[in-house]
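Trainee: Following my numbering, the numbering of the sequence shown begins with 1 at its first residue and continues without gaps.
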Amino acid sequence: MGSSRESTVGCEKQVRSWRVLRSLMELVIPTCKCSLVEEEEAEQQQQLMTITGTIFGYRKRKGKVSFCIQANANSSMPILVLELAVPTSVLAKEMRGGTLRIVLESGTNNVFLFSSPLWTMYCNGRKVGYAVKRRPSNADFEALSLMRSVAVGTGVINTCKDHLMYLRANFQRVPGSSSSESFHLIDPQGTIAQELSIFFFTST
């Protein structure tokens, strides 16, 4: 119990330096797939809200890095899971400029924005790969369970088989229209930071 509290305090201190974000991105981001588990009602999509976003991946499982969106850190069912299909070097290079803007474009006109099976991915305006919809796996649920005591922060959790690296932060969710939506990282002072933003839109 005590070790969990110490880990949480340490993570909250780490997140105050966004240099950690860049170094963590270099370590854990290689690959992009996309998943929506629960479709939200139209009324909810028209409101600004704060959600929890987590970048995580196991050190030994190359190419298995995820970005998960949850209603809050204790939510049992993710709203969205992304597996990034981009080489680590690409994202690390983009982060050196101080910002990372990920754009996911769908050419399919669906009722729900996130129901498209395939997305084209751009980093800071450059096409870098694709995103494919999928449901969270048992490994995703296991990882989220390990991080449940962390509200915001970065760190490494040692397991018997591997090392789980993660960054967890609050994001502001901004619905643009029925065909666009974005998520913007909120810094520990409560303001929207420029380090990381993710945009979704359909081109039809």
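Glycine included, every Cβ here is placed at the ideal spot set by N, Cα and C.
1. Going by C-alpha distance, which of F201, A73 and G107 is nearest S145?
2. DSSP state of S197, grouped into three classes?
3. Give me, in chain order, the residues of the same chain whose beta-carbon lies closer than 6 angstroms to that of V156; leave out the 5 immediate sequence neighbours on both sides.
4. My understanding is that S203 touches G107, with C-beta atoms under 8 angstroms, so please give their C-beta distance in whole angstroms.
5. Please list, in chain order, all residues of the same chain as L196 whose beta carbon is under 6 angstroms from its beta carbon, the five residues on each side excluded.
6. If you compare alpha carbons, which of G153, T159 and G57 is closest to R168?
7. Rounded to whole angstroms, what is the Cα-Cα separation between K161 and S178?
8. Looking at C-alpha atoms only, which residue of E94, A139 and S137 is the closest neighbour of R126?
9. Please list, in chain order, all residues of the same chain as F201 whose beta carbon is under 7 angstroms from its beta carbon, the five residues on each side excluded.
10. Given a cut-off of 7 angstroms, decide if A143 and F56 are closer than it, judged by their beta-carbon atoms.
11. Comparing C-alpha positions only, which one of S115, S66 and R59 sits nearest to S137?
12. For V128 versus V86, is the C-beta distance shorter than 7 angstroms?
13. Starting from L104, trace the beta strand (DSSP E) both ways and give me its first and last residue.
14. With a Cβ-Cβ cutoff of 7 angstroms, do V103 and F171 count as a contact?
15. Which term fits G53, buried or exposed, when burial requires 16 or more other beta carbons within 10 angstroms of its beta carbon?
16. Let me check understanding here. Comparing Cα to Cα, which of S76, L84 and R59 lies closest to K133?
17. Below 8 angstroms on the Cβ atoms is my contact criterion, and I expect V118 with Y130 to pass it. Report the Cβ-Cβ distance as a whole number of Å.
Mentor: The short version:
1. Residue A73 is the option with its Cα nearest to S145.
2. In the structure shown, the three-state DSSP call for S197 is strand.
3. Close CB contacts of V156 within its chain, under the 6 angstroms cut and outside five residues either way in sequence, are with H163 and M165 (chain order).
4. Contact between S203 and G107 holds: their C-beta atoms lie close to 5 angstroms from each other, under 8 angstroms.
5. If you ignore the 5 residues before and after L196, its C-beta comes within less than 6 angstroms of the C-beta of L100 and L185, all in its own chain and listed in chain order.
6. For R168, the closest C-alpha among the options G153, T159 and G57 is that of G153.
7. If I take the Cα positions, the gap works out to 43 angstroms.
8. Out of E94, A139 and S137, the CA that lies nearest to the CA of R126 is found in E94.
9. A distance below 7 angstroms between beta-carbons, with the five flanking residues on each side excluded, links F201 to the following residues of its chain, in chain order: E105, S179 and S180.
10. A143 is positioned such that its CB atom lies closer than 7 angstroms to that of F56.
11. Taking only the C-alpha atoms, the option nearest S137 is S66.
12. It is a contact, given that the beta carbons lie within the stated cut-off.
13. L104: member of the beta strand (DSSP E) spanning L100 to S106, first to last residue.
14. Not closer than 7 angstroms, so no.
15. With at least 16 other beta carbons inside 10 angstroms of its own, G53 counts as buried.
16. Minimum Cα distance to K133 is reached at L84.
17. As written in the sequence, residue 118 is Leu, which differs from the Val given in the question. Between Y130 and L118 the Cβ distance is about 6 angstroms, and since that is below 8 angstroms, they are a contact.
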